[in-house]
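Written out as structure tokens, the structure reads:
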């Protein structure tokens, strides 16, 4: 279901690395042992229809086990991981950059829409449908 919604809306997400820190002694939920873990923060860029690009204020975070670079899903994070994540977020929030940005393609599309709207208004004015001319009154 989520995949069909993504295809319908045409969203693409890209992630730009912001900050990385290694915690030497942290309990790994995958192995159950104390291992070095890497916390990686990303700025997520959401591009919809190629027209708008949105950057959320809060960065996205992922934990990796440094031994084999295996990602640890957020559902398996320990309380120690959550606390380290919260302290890392405080120093890296808000994400720099514009919140919503219109792409070049979006500017071209908006420009064509404005030209079409101006053409429709001019056509209605030229035919006397707007503007209060005598031709519009005689049509009634």
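Numbering (the working numbering), first residue to last: 4 to 143.
The C-beta atom is built at its ideal place from N, Cα and C for all residues, glycine as well.
All values reported here derive from a predicted model rather than from experimental measurement.
Query                                                                                                                                                   : Result
Under the three-state reduction of DSSP, which class applies to residue 77: helix, strand or coil?                                                      : helix
Per DSSP, what are the beta-bridge partners of residue 16 in this structure?                                                                            : 49
Based on Cα-Cα distance, which residue from 86, 128, 54 and 74 lies nearest to residue 111?                                                             : 54
Go ahead and pull the three-state DSSP assignment for residue 25.                                                                                       : strand
Who does residue 55 pair with in a DSSP beta bridge?                                                                                                    : 51 and 105
Taking just the CA atoms, how far does residue 48 sit from residue 38?                                                                                  : 31 Å
What residue from 28, 14 and 83 has the CA that sits closest to residue 70's CA?                                                                        : 28
In angstroms with no decimal places, state the Cα-to-Cα distance between residue 109 and residue 80.                                                    : 39 Å
How many Å lie between residue 85 and residue 35 at the Cα?                                                                                             : 16 Å
Cα separation between residue 87 and residue 30?                                                                                                        : 12 Å
Counting only the same chain and skipping the five closest in sequence on each side, list residues whose C-beta sits under 8 Å from that of residue 21. : 44, 45, 46, 62, 95 and 98
Go through its chain and collect everything with a Cβ distance to residue 83's Cβ below 8 Å, but skip five positions before and after it.               : 29 and 30
I need the DSSP call for residue 64, collapsed to helix, strand or coil.                                                                                : strand
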